[in-house]
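First to last, the protein sequences are chains A and B. First residue of the first sequence? That's -10 in the numbering used here, and the numbers climb one at a time after it. First residue of the second sequence? That's 140 in the numbering used here, and the numbers climb one at a time after it. Think of the CB as a built atom: it goes at the ideal place given N, C-alpha and C, for glycine as much as any other residue. The block underneath contains the structure these notes are about, expressed in structure tokens.
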Amino acid sequence: MVLLQLDPFLNELTSMFEHTTEKGSVWVTLKRSSLKSKVQMNKMPSGGETEYRCLIRATDGKKTISTSVGAKDHQRFQASYATILKAHMTALKKRERKDKKKAAENDKKEGVAKNPKRA
Amino acid sequence: MVYITSWDEFVERSVQLFRADPDSTRYVMKYRNCDGKLVLKVTDNRECLKFKTDQAQDAKKMEKLNNIFFTLMARGPDADVSEVTGKEPMDAQPTKKGRGRKQ
């Protein structure tokens, strides 16, 4: 497993989404971690503050990448992450309205007509 | 494994699960483009909460949950998540102002 910097991680994640459009899945795991092994943890002086970060792992079943964010940079990361998700989760259904390709224009008119609920 | 059907229940219980045991709780998102399915899972290896959807509107809700977990995990389980869950009304208000023509 490779621990990447934030931007390379986001790039890799994007290509994972692109590779799995036809088949396959992408898993993204978030976990709180001190990024230290148990042995290292035991060696730390007790009572000392351990710094925790949010570990982010992503896999497409073949390859695994990871990165971590701390309290300072998580907001910037989560914004970019959200953008990537929005751009690639295109197969989800948009509000159970079917055959709308047929009448994209009508759909717009309907949307306007449906909104005002006053009598 | 039983899926939780109510989104609010899923969010509430997963945050509870994390706060109860922050060190061993993980949050997994699985997205399958060819089937258009999204599965969210939160587990501490004892209890497992899952939510499954194929709706785009649930992806928006998931974004909020992502923010909650990023905040909780990066800042610690006691972090205040109320600001991430809200829809940032601070930003939305000023844009409304000054747009309409006043006489």
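Item to check | Under the three-state DSSP convention, the category B:A198 falls into | outcome: helix
Item to check | A:S26, DSSP secondary structure in three states | outcome: coil
Checklist entry - Where does A:T39 land, buried or exposed, given buried means 16+ other C-beta within 10 angstroms? => result exposed
Next on the checklist: Less than 8 Å between the beta carbons of B:R165 and A:T79, yes or no?
Outcome noted: no
Item to check | Cross-chain neighbours of A:E11 in chain B, by beta carbon under 7 Å | outcome: C173
Checklist entry - According to DSSP, is B:T164 helix, strand or coil? => result coil
Checklist entry - Got a sec: which bits of the region 198 to 216 of chain B sit with their beta carbon under 9 Å from any beta carbon on chain A, in order along the chain? => result Within the region 198 to 216 of chain B, the residues whose Cβ lies closer than 9 Å to some Cβ of chain A are A198, K199, M201, E202, N205, N206, F208, F209, T210, L211, M212, A213, R214, G215, P216, listed in chain order.
Checklist entry - What does A:T39 reach in chain B if we use C-beta pairs closer than 7 Å? => result Simply none; closest approach about 10 Å.
Checklist entry - If the cut is a Cβ gap below 7 Å, which residues of chain A does B:Y142 touch? => result Going along chain A, no residue has its Cβ under 7 Å from B:Y142, so there is no contact; the nearest lies around 16 Å.
Next on the checklist: Quick check: the region 183 to 193 of chain B against the region 205 to 217 of chain B, are at least 3 beta-carbon pairs closer than 8 Å?
Outcome noted: no
Checklist entry - Which residue's Cα is closest to the Cα of A:D49: A:D(-4), A:P(-3), A:L2, A:Q(-6)? => result A:L2
Checklist entry - Where are the alpha helix (DSSP H) runs, 4 residues long or more, that stay fully inside the region 140 to 194 of chain B, in chain order? => result 146 to 159
Checklist entry - Over what stretch of residues does the beta strand (DSSP E) that includes A:R84 continue unbroken? => result Looking at the DSSP string, A:R84 is not in any beta strand (DSSP E), and its letter there is neither H nor E.
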